[in-house]
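Numbering follows numbering that gives the first Met the number 0, in which position 224 of the sequence shown is assigned residue number 223; successive positions increment by one, without gaps. We treat Cβ as the ideally placed atom computed from N, Cα and C, and that holds for glycine. The block underneath contains the structure these notes are about, expressed in structure tokens.
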Amino acid sequence: MKNLFILLFLTAGLGAWSQVAINADGSLPNSSAMLDVKSTSRGLLLPRMTAAQRDAIVSPATGLLIFCTDNGFYYSNNGTPATPDWVIVNSQWQSDANGIYYSGGRVGIGTAPTIYNLEVQGSYPFQRIKATYGWAGIAIDKAAATDNGYLVHQQGGIDLWAEGTVGDNNFCIRNWGLASDAMNVNWANNKVIFSGKVGVKTDPAYDLHINSSDYTAGHITTPYNGCTAFEVIATSTSAGTWALYSYASAAGYAAYFSGNVYCSGTYLPSDEKLKDNIQPMKNSLDKIMQLDVMTYNYKTSGFPELNLPSDRQNGFTAQNLESVFPELVKLNPAKKEQPVDFKAVNYTGLIPVLTKAVQEQQAMIENLENLNAELVKRIEKLESR
């Protein structure tokens, strides 16, 4: 009889209010709620299931609520019974002291996200991207192979623009305001193209400007037979065009070649206005006679780094030439590429000496010819008596 009374009491409440209140103090339900559950020591336990079990619910009603045991979030069907769309009810991320936000599928770090899927704001937005395995980086994918992927730096306009396409495998950095590519990398053709000046350790004043603090500023190597490792072409037709300019201090060399050098023509500075203390050369023939002209072979196996010729040679020893013409001999100190020091000879500097020696010899010949002619006249005069 007691149970029947309680049942009648509850049913009468439903019919009168069309609302249900479940509590221990007998209070009425809130006027805005169909079901009002109140407790200070108990909670409401919704159906608990895995994501697979949730997805297996047949025709779930819109707004159906469950608790997913896989990740500990409440899910509600935001779709229709025919097309369910289970969304997380509670926020995945909460704003904290570091300013991390999640809202509507967008993420904000240091700021609430606006229209971008990921928005970062702060004094040091991206300080490091680090991977503990494999490679680290940012992958930018596109909807289609012909679309571009972009990295953009924007400050009052687009200053830096990077794009790449699968079709030609290009990557370029662009000044969008000038509508020109500062650098273009074509992976398919192994090309790197710069539209302006390039500087290495310096602000460039030339198309390529290197200010190196290393022992060797540049190194070019090619493995092909019959190839050209370095080519310089000056196309101007006016006078004063230089295809290659090289400078070194008086103690060094403007160019150093370890091997034969071919040149179809050469000129050396000899203008009188460039010279001082001009004196006539004397006794060249006597000095030439002090030189020992030799034939010899180089010790190619002892000094392979010098790339010395292997065939028979004609010339002087530097020590002998230095004893007569010290100004034509120079000590070549040891270096990284050349680990031995040796004396080098300026054979071109001997040309004026040989020229003067020929002139002196010619003067001697002419004197002898004049003397011989005088002697012939005397003999003829004696014979005619």
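With respect to the beta strand (DSSP E) encompassing E118, which residues constitute its N-terminal and C-terminal limits? First-last of the beta strand (DSSP E) with E118: L117 to V119.
Of the choices Q289, K329, N22 and S300, whose alpha-carbon is the least far from that of N319? It is Q289 whose Cα lies nearest to the Cα of N319.
With DSSP run on the structure shown, which of helix, strand or coil describes T68? Coil, per DSSP.
Considering only the alpha carbon of each residue, which of K298, L307, I192 and L349 lies closest to V260? Between V260 and the set K298, L307, I192 and L349, the nearest pair of CA atoms involves L307.
Can you give the beta carbon distance from E359 to L284, rounded, assuming they're within the 8 Å contact cut? Indeed, because the Cβ distance is near 4 Å, the residues count as touching under 8 Å.
Which of the three DSSP states is assigned to K272 in this structure? Helix at K272.
So is P46 buried or exposed if we call it buried at 16+ other beta carbons inside 10 Å? With fewer than 16 other Cβ atoms from the protein chains shown falling within 10 Å of its own Cβ, P46 counts as exposed.
Bridge partners of Q312, per DSSP? In the DSSP output, where bridge partners are listed per residue, Q312 has Y295.
8 Å Cβ cutoff met for S75 and V57: Not in contact: S75 and V57 (Cβ atoms no closer than 8 Å).
Who pairs with M33 in a beta bridge, going by DSSP? Beta-bridge pairing links M33 to no other residue.
Span separating the alpha-carbon of A60 from that of V88: Taking the CA atoms as reference points, A60 sits about 16 Å from V88.
Under 8 Å between C-beta atoms of V199 and I192: Their beta carbons are not under 8 Å apart, which means V199 does not touch I192 by this criterion.
Rounded to the nearest angstrom, how far is the Cβ of A247 from that of I232, given a contact under 8 Å? Contact annotation, A247 with I232: C-beta distance approximately 23 Å; criterion of less than 8 Å not satisfied.
When you compare the CB positions of L327 and N345, do they come within less than 8 Å of one another, or not? Yes.
Other residues of its chain near D54: CB distance less than 8 Å, five sequence neighbours each side excluded: These residues qualify, in order along the chain: P83 and W85.
Proximal residues to G258 (C-beta, below 6 Å), its chain only, five neighbours per side dropped: Within its own chain, the residues whose Cβ lies closer than 6 Å to the Cβ of G258, once the five positions on either side in sequence are excluded, are N306, listed in chain order.
Name the DSSP bridge partner or partners of L330? L330 is bridged by DSSP to K342.
Range covered by the alpha helix (DSSP H) that runs through A247: Note, A247: premise wrong, no alpha helix (DSSP H); not H, not E.
Take the Cβ of F8 as the centre, count every other Cβ of all protein chains shown within 10 Å, and call the residue buried at 16 or more, exposed below. Its pLDDT being 47, under 50, F8 is placed unreliably by the model, and the measurement read from it follows with that caveat. Classification of F8: exposed, given that the 10 Å Cβ count is below 16.
The beta strand (DSSP E) with I87 in it runs from where to where? Per DSSP, the continuous beta strand (DSSP E) segment holding I87 begins and ends at W85 to I87.
Of the choices S30, M33 and K37, whose alpha-carbon is the least far from that of D24? The closest CA to that of D24, considering only S30, M33 and K37, is found on K37.
Given that a residue counts as buried once 16 or more other Cβ atoms are within 10 Å of its Cβ, and exposed if not, what is P28? That one is buried.
Along the chain, where does the alpha helix (DSSP H) containing L267 start, and where does it finish? Per DSSP, L267 belongs to no alpha helix (DSSP H) and is neither H nor E.
Is F315 buried or exposed, if buried means 16 or more other CB atoms sit within 10 Å of its CB? The residue is buried, with at least 16 neighbouring Cβ atoms inside 10 Å.
List the DSSP bridge partners of Y223. Answer is none; Y223 lacks a bridge partner.
Measuring only the C-alpha atoms, how far is Y100 from V119? Looking at the two C-alpha atoms, the distance is approximately 10 Å.
Below 8 Å between beta carbons: does that hold for A372 and I287? If you check the CB distance, A372 and I287 do not come in under 8 Å.
Can you name, in chain order, every residue of its own chain whose Cβ lies under 8 Å from the Cβ of F302, other than the five neighbours on each side? These residues qualify, in order along the chain: V339.
Buried versus exposed call for F324 [16 or more other C-beta atoms within 10 Å across all chains shown]: Looking at its Cβ environment, which holds 16 or more other Cβ atoms inside 10 Å, F324 is buried.
Can you tell me whether DSSP reads R53 as helix, strand or coil? In the structure shown, the three-state DSSP call for R53 is helix.
May I ask which residues mark the beginning and end of the alpha helix (DSSP H) holding V323? Segment A317 to V323, the alpha helix (DSSP H) holding V323.
Going straight from the alpha carbon of A281 to that of S211, what length do you get? It should be pointed out that residue 281 corresponds to Lys in this sequence rather than to Ala. Looking at the backbone, the Cα of K281 and that of S211 are separated by about 47 Å.
Compute the Euclidean distance between the alpha carbons of G217 and C226, then round it to the nearest angstrom. Rounded to whole angstroms, G217 and C226 show a C-alpha spacing of 19 Å.
So for N76, helix, strand or coil by DSSP? In the structure shown, N76 sits in a strand (DSSP, three-state: E or B).
Let me check one thing: in DSSP terms, what residues is L207 bridge-paired to? DSSP lists V197 as the bridge partner or partners of L207.
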